[in-house]
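Chains as they are written, first to last, in my numbering: chain A, 870 to 994; chain B, 28 to 397. For every residue, glycine included, the Cβ atom is placed at its ideal position computed from N, Cα and C. Note that the structure is predicted; figures quoted are calculated from it, not measured.
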Amino acid sequence: MKQVVCHKSELSNGQIMRTQLGPIPVVVVRTKAGSLYALAAKCLHQGGPLDQGRVYEHHATTKDVGEYVIDPGREVLKCPWHGYEYDIKTGCTVFDPSRAVQTFQAYEEEDQIVVQLATAGARQA
Amino acid sequence: MTQLSSDPVASRQAARHFNLIDTDVHERAELSALVPYLEPMWRKYITDFGWQPDRILPYTQYAAGGLDRLDARLPDGRPGGSDYELLRQQLLDEFDIDYAILTGWLDASGLHPGWPEFKTALMSAYNDWQIEHWLNRDERLLGSVHVNAHDPAGAAREIDRVGSHPKMVQAILYIKDKPFGDPYYHPIYEACVRNNLALGMHHSENAPTALGFHRYFVEWHTLVSQVFMSEVVSLVFNGVFDKYPELKVIMIEGGFTYVPHLMSRSDQQYKELRSEVPWVKRMPSDIIREHVRFASQPTEEMSLERFLQLVEWCDSDELFCFSTDYPHWDFDSPWEALPQGMPEDLKRKIFYENAKNTYAKMPALRAIGQ
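As structure tokens, then:
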């Protein structure tokens with residue numbers, strides 16, 4: 870199953886967009902570097918609409934109290950309700966990699982952004 | 028709010044065959060909106076001298092929308108709960124709610140006690156604003172009488188002034204750092220009983236933990252239940268319920284998983300130390316079961332089995348009342364917050380019967396597929 874989301878110019882770097890893949894609401898993420906990812910848009914916690922969340926840089930796990938480090942190249946989608954964070958590449962929650970929303974292939978094809986149902990389901994971090 | 032078509036709201040509503048009372052919904056005023064409702068002598072302190080409510084919490088929420096659900100904030104930047112139409116759409120209609128009890132934003136009881144005259148006047152303005160802009164607008168909205176607990180006589184006067192409004196179902200005190208069982212506050216409870224109102228106690232951003240304000244927001248928010256435990260203990264051991272046997276109190280925005288420990292610990296201490304508080308005539312857990320209710324939000328993820336054990340440990344299925352805390356960031360969805368598969372009678376109690384039995388002025392509920 871494959872779905873055209875929009876013209877590639879309609880989704881800028883750092884933005885997200887909602888689409889529908891059959892019965893599944895999907896959020897498409899274009900990273901600050903321009904890569905595309907797609908995740909099921911329903912939070913695993915209480916069903917919050919992830920397509921209305923925000924993408925943030927990931928705070929890397931650090932050694933010492935008071936140490937804050939941004940994980941370069943890793944971005945998370947934060948639920949607009951309680952703030953559960955999902956790795957945009959794997960769909961895994963940051964706090965527990967065994968819990969993940971489904972991910973989908975997302976790519977450009979003939980100037981369109983397309984999402985496609987992946988056969989592997991959610992990928993592990 | 029986006030409807031997730033893989034789990035359509037319409038089909039969930041059709042499947043539901045019980046009523047729904049939400050015991051914690053926050054409407055929000057801009058200070059400037061209250062000015063016309065203030066007595067003229069007080070207005071200049073907002074319009075000319077820039078009074079703002081004190082907020083001593085030294086952090087901000089690391090939530091996508093700050094204090095609010097991100098999707099509840101207005102496009103023009105106003106906070107969630109500022110706009111009736113959005114609240115109606117995202118809460119009342121979305122979840123087909125019978126009644127939502129407004130719990131407000133600005134409550135002087137959660138502020139510093141200083142300058143009580145101004146704050147008592149401000150609460151009167153807030154209540155009049157609430158009635159005109161919210162209660163008169165939708166039959167599903169019920170109100171809370173906001174008072175300044177630091178001025179108990181003034182608070183009692185305010186309860187007498189607006190407590191008879193047919194849609195006011197409780198007086199509310201935001202918790203800061205005062206144990207409200209102290210006899211100093213009893214005129215407030217007397218006024219509640221006189222006006223057939225329940226008493227709500229609600230968390231505030233000015234409430235510390237038992238050790239003050241820790242380094243991080245996550246610590247503070249983990250420990251929110253501490254002040255609720257303090258207030259229940261204060262009310263019970265200061266004999267509030269022995270003095271006002273008709274009074275019902277509901278603890279709002281503290282969750283409920285702490286309740287079994289609170290009851291058990293209070294009973295044990297009563298057995299050992301009763302002579303210090305001889306005016307308390309029954310086991311604390313019995314008093315709590317009769318007089319105190321707990322709004323459910325914020326919930327914690329748990330299995331149905333664990334949830335049922337928790338209810339059993341309370342030795343009552345009448346203590347918990349569902350609440351969403353809309354529009355705040357830790358909003359609890361009526362569909363998702365509590366474990367699936369709950370027995371039907373327990374579901375009915377938590378989602379509406381317990382609230383109905385707590386609020387003496389709760390209007391009649393619709394017949395809904397029963």
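Runs of the alpha helix (DSSP H) lying entirely within the region 340-375 of chain B, each at least 4 residues long, are 371-375 in chain order.
By the neighbour-count criterion, in which a residue is buried when 16 or more other Cβ atoms sit within 10 angstroms of its Cβ, residue 358 of chain B is buried. In the structure shown, residue 321 of chain B falls within a strand segment according to DSSP collapsed to helix, strand and coil. Boundaries for residue 101 of chain B: no alpha helix (DSSP H) harbours it, and the DSSP string shows neither H nor E there. For the pair of segments examined, the region 149-157 of chain B was found not to touch the region 116-126 of chain B: the number of CB pairs separated by less than 8 Å stays below three. Straight-line measurement puts the Cα of residue 937 of chain A at about 29 Å from the Cα of residue 252 of chain B. Taking 8 Å as the upper bound for CB-CB distance, residue 369 of chain B and residue 331 of chain B are in contact here, some 7 Å apart.
When CB distances to chain A are screened at a threshold of 8 Å, the residues of the region 339-369 of chain B falling below it are 356, 357, 358, 359, 360, 362, 363 and 364, in chain order.
For residue 914 of chain A, a Cβ of chain B is located within less than 8 Å of the residue's own Cβ. Only those residues of the region 944-955 of chain A whose C-beta falls short of 9 Å from the nearest C-beta of chain B are listed: 947, 948, 949, 950, 951 and 952.
Excluding five sequence positions before and after residue 284 of chain B, the CB atoms of its chain that fall closer than 7 Å to its own CB belong to 327 and 337, given in chain order. Going by DSSP, residue 199 of chain B is part of no alpha helix (DSSP H) but of the beta strand (DSSP E) stretching over 195-201.
DSSP, read as helix, strand or coil, puts residue 894 of chain A in strand. In terms of Cα proximity to residue 923 of chain A, the closest of A:877, A:984, A:889 and A:898 is A:898. For residue 188 of chain B, not one C-beta of chain A is nearer than 8 Å to its own C-beta. The beta carbons of residue 319 of chain B and residue 278 of chain B sit closer together than 8 Å. Boundaries of the alpha helix (DSSP H) harbouring residue 145 of chain B: 143-157, taken from the DSSP string. A Cβ-Cβ separation of about 21 Å leaves residue 182 of chain B out of contact with residue 385 of chain B under the 8 Å criterion. A distance below 8 Å separates the beta carbons of residue 262 of chain B and residue 276 of chain B. Put simply, the backbone Cα of residue 880 of chain A is about 34 Å away from that of residue 245 of chain B. Between residue 933 of chain A and residue 943 of chain A, the C-beta gap is not smaller than 8 Å, which leaves the two residues out of contact.
Assigned with DSSP and collapsed to three states, residue 948 of chain A falls in coil, not helix or strand. Proximity to residue 125 of chain B across B:175, B:52, B:106 and B:189 peaks at B:52, based on C-alpha coordinates.
The three-state secondary structure of residue 184 of chain B, taken from DSSP, is helix. Ranking B:223, B:145, B:85 and B:329 by CA distance to the CA of residue 235 of chain B puts B:85 first. Taking residue 223 of chain B as reference, the option from B:206, B:189 and B:144 with the minimal CA-CA separation is B:189. By the neighbour-count criterion, in which 16 or more other beta carbons inside 10 Å mark a residue as buried, residue 103 of chain B falls on the exposed side.
By a beta-carbon distance limit of 8 Å, residue 128 of chain B contacts residue 49 of chain B. Their separation comes to about 7 Å.
At a cut-off of 8 Å between beta carbons, residue 968 of chain A makes no contact with chain B. For residue 928 of chain A, the enclosing beta strand (DSSP E) has its first and last residue at 923-928.
DSSP lists A:918 as the bridge partner or partners of residue 911 of chain A.
If the five residues before and after residue 314 of chain B are omitted, its C-beta is found closer than 7 Å to the C-beta atoms of 263 and 268, all from its own chain and listed in chain order.
Residue pairing by DSSP puts residue 873 of chain A in a beta bridge opposite A:983. For residue 942 of chain A, no Cβ of chain B is located within less than 8 Å of the residue's own Cβ. Secondary structure of residue 135 of chain B (DSSP, three-state): helix.
DSSP places residue 218 of chain B inside the alpha helix (DSSP H), whose first and last residues are 213-221.
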